[in-house]
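**Q**
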Amino acid sequence: MAKVLVVDDDAHIRELVRLYLEDEGFEIIEKSNGEDALHYAENHIVDLVILDIMMPIMDGWALCENLRNFGEMPILMITAKGESTDRIKGFKLGTDDYLVKPFDPVELVLRVKALLKRYRISTANEIQLGTITLDRKRYQVIYNNGQGATLPMKEFELLYKLGSYPGQLFTRENLIVQIWGLDYEGDDRTVDVHIKRLRERFIDFESEFRIITIRGLGYRLEVHQD
Numbered sequence: 005m006a007k008v009l010v011v012d013d014d015a016h017i018r019e020l021v022r023l024y025l026e027d028e029g030f031e032i033i034e035k036s037n038g039e040d041a042l043h044y045a046e047n048h049i050v051d052l053v054i055l056d057i058m059m060p061i062m063d064g065w066a067l068c069e070n071l072r073n074f075g076e077m078p079i080l081m082i083t084a085k086g087e088s089t090d091r092i093k094g095f096k097l098g099t100d101d102y103l104v105k106p107f108d109p110v111e112l113v114l115r116v117k118a119l120l121k122r123y124r125i126s127t128a129n130e131i132q133l134g135t136i137t138l139d140r141k142r143y144q145v146i147y148n149n150g151q152g153a154t155l156p157m158k159e160f161e162l163l164y165k166l167g168s169y170p171g172q173l174f175t176r177e178n179l180i181v182q183i184w185g186l187d188y189e190g191d192d193r194t195v196d197v198h199i200k201r202l203r204e205r206f207i208d209f210e211s212e213f214r215i216i217t218i219r220g221l222g223y224r225l226e227v228h229q230d
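Residues in the sequence shown are numbered consecutively from 5, following my numbering.
#1: Have a look at residue 19 and residue 34 and give me their C-alpha separation to the nearest angstrom.
#2: What's the gap between the Cα of residue 67 and the Cα of residue 39?
#3: For residue 70, count neighbouring C-beta atoms within 10 Å of its own C-beta (all shown protein chains included) and say buried if the count is 16 or more, exposed if not.
#4: With 16 as the cutoff for other CB atoms within 10 Å, does residue 47 come out buried or exposed?
#5: According to DSSP, is residue 171 helix, strand or coil?
#6: Beta strand (DSSP E) containing residue 7: first to last residue?
#7: First and last residue of the alpha helix (DSSP H) that includes residue 194?
#8: By a C-beta neighbour count over all protein chains shown, 10 Å radius and 16 as the cutoff for buried, is residue 89 buried or exposed?
#9: What did DSSP end up calling residue 215 once you bin it into helix, strand or coil?
#10: Measure the alpha-carbon distance for residue 37 versus residue 13 and round it to whole angstroms.
#11: Which residues in the same chain as residue 226 place their Cβ atom closer than 6 Å to its Cβ, once the five residues preceding and following it in sequence are excluded?
#12: Among 111, 160, 10 and 150, which residue has its Cα nearest to the Cα of residue 140?
#13: Which same chain residues, not among the five before or five after residue 144, have their C-beta less than 7 Å away from its C-beta?
#14: Are the beta-carbon atoms of residue 8 and residue 79 separated by less than 8 Å?
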């Protein structure tokens, strides 16, 4: 299931969103302010963020801008403000879609599903790389013989990130921020070490997918089709 982070200081709005999205099979994480939401997103995989604008500690504008500094997840703004200037500001900061309160919960569900489809994120939390399946719900690699193997969390998250966007270039800095978080104080060579380990683990699958080094830039994953 896809994980949705819902950020609103109104507990009733959070409950409404949670009830409708859980009914569709989504996993919901609730936060009441932007600062707590940003901290969570820095340290966990999040598929989509639904956020309000007017919140304490850190408002939706700042949260949206910060999320865009390290994340590729879709962002949906829900707010009482309906002026076009607010919508324009939201889109400039990186929001993908916009709903004005009061909103139809059914429309919200449809917009969430459309955004996930646009971002090519599987609601089943699975992606296919050649003959293997990455199951993010269990953090397992499932081979074509049905056997599963559990990877260290950061290795799995790194492979899942690259595999979710085959052919897309990710810089080391992108990957550090998205996988290890903004507060990570280590060397960006950590990415190289984890890439090396992944290559060694899946050396027998190079005919199906490979992690390619783009010298001086970063990495991308290529899936080979028959």
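We put the CB at the ideal spot given by N, CA and C, even for glycine.
**A** According to the data block:
#1: 9 Å
#2: 7 Å
#3: buried
#4: exposed
#5: coil
#6: 7–11
#7: 193–205
#8: exposed
#9: strand
#10: 6 Å
#11: 214 and 216
#12: 160
#13: 152, 153 and 154
#14: no
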